[in-house]
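Remember, our numbering sits 1323 above the position in the sequence shown when you count from 1. Glycine included, C-beta positions come from ideal geometry on N, C-alpha and C. Bear in mind the structure is a predicted one, so any value in this text is a computation, not a measurement.
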Amino acid sequence: MDDHLFPPFAPETNEPRPRRFKPIPVRMIIPNMITLMAVCLGLTAVRLAFEGRFEPAVIAIVVAAVLDGIDGRVARLLKGTSRFGAELDSLADFVNFGCAPALILYSFTLHHLKSLGWIVALIFAIAMALRLARFNVMLDDPDRPEWKKDYFVGMPAPAGALTALLPLYLHFLGLTFGPGLAPAALAYILVLAILVISTVPTYAGKTIGKRVPREYVLPIFVVTVAGFGLFISFPFETLAVVSIAYLCAIPIGANQYRRRLKAEAAAAALPRENPVA
């Protein structure tokens, strides 16, 4: 009669419950943590710019660019690449190299031009988003020749952000960007936005061999130490020189790309011109 009040009780067993989700290896988390640190730096750079602290804001963007170059290599080294990491990296690039530089530049000099300056800041940020979307699509292109991996289509996001900050580098070196030079900065940023979404090939060097000739090892060490020392001692001078040199190298890389493209076309046409009897 009272059986329904005291249903039979089955004691708990020591058997582990089946896990609903599989555990994620730490090697797949580390690269994403690096990416998230880069996003924190990009957002902090915006805050610093709004507070008028432009020098640490620029350094934050530079460090974010360094972390952006590290996270993918760390993921490949640890065999921790994933689709999630690739999507997170793209979103981080948009924040760090699209939104953050646009807001910093607007706070620094474009605000002198009011709505026109804001429009150019928007154009730069949107151009970076379009560039990243196109980059993600091209990654899935199976018909792309191997040698073309040495080139980006358009200016890459980190390079576009760092070169866009050239007016700040020059300002730190003594060139005051007041209302008089704001139109020059606006034109410069607009040109960079066009380069970011253009199809102009820029050299990437991704397929350079992993082994270095023995005679080049010591010179590479010396150049690396010298470059690091220059950046630590003269950060904004170094950034300004590197930015200008990079912009000057774009036509050289584009010309090299065209020559390699013509060589590939000539090699492809050779069997048709000389058919086997």
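In the same chain as A1487, and ignoring 5 residues on each side of it, the C-beta atoms closer than 7 Å to its own belong to P1424, L1428, F1447, I1512, L1515, in chain order. Residue state for F1431 is assigned as helix, using DSSP reduced to three classes.
Per DSSP, P1524 lies in no alpha helix (DSSP H); the unbroken beta strand (DSSP E) holding it starts and ends at 1524-1526. Bridge partners of Y1474 according to DSSP: Y1526. Unbroken beta strand (DSSP E) runs of no fewer than 3 residues, entirely contained in the region 1377-1443, are not found. Straight across, the Cα-Cα distance linking M1351 with R1399 is about 10 Å. By the Cβ criterion, the region 1382-1391 is not in contact with the region 1430-1448, since fewer than three pairs of Cβ atoms, one from each stretch, lie closer than 8 Å. The three-state secondary structure of P1506, taken from DSSP, is helix. Under the DSSP assignment, I1352 falls in the alpha helix (DSSP H) whose first and last residues are 1349-1373.
Excluding sequence positions up to five before and after T1358, its CB lies within less than 6 Å of the CB of D1394, L1411, D1412, A1415, all in the same chain and listed in chain order.
Residues A1482, T1486 of the same chain have their beta carbon placed closer than 7 Å to that of Y1569, with the five preceding and five following residues left out of the count. Per DSSP, reduced to three states, the secondary structure at G1501 is coil, with no helix or strand assignment.
For F1544, the enclosing alpha helix (DSSP H) has its first and last residue at 1537-1556.
In the DSSP assignment, L1491 falls within the alpha helix (DSSP H) that extends over 1489-1495. Taking C-alpha positions only, F1475 is separated from V1349 by approximately 31 Å. Counting only residues of its own chain and dropping the five nearest sequence neighbours on each side, L1496 has a CB closer than 8 Å to the CB of F1559, E1560, A1563. Fewer than three Cβ pairs drawn from the region 1499-1513 and the region 1574-1581 lie within less than 8 Å of each other, which leaves the two stretches out of contact.
Between R1454 and the set I1517, A1383, K1471, V1397, the nearest pair of CA atoms involves I1517.
In this structure, the straight-line span from the alpha carbon of F1373 to that of A1450 is close to 23 Å. The Cβ neighbour count for K1437, taken over all protein chains shown within 10 Å, is under 16; the residue is labelled exposed.
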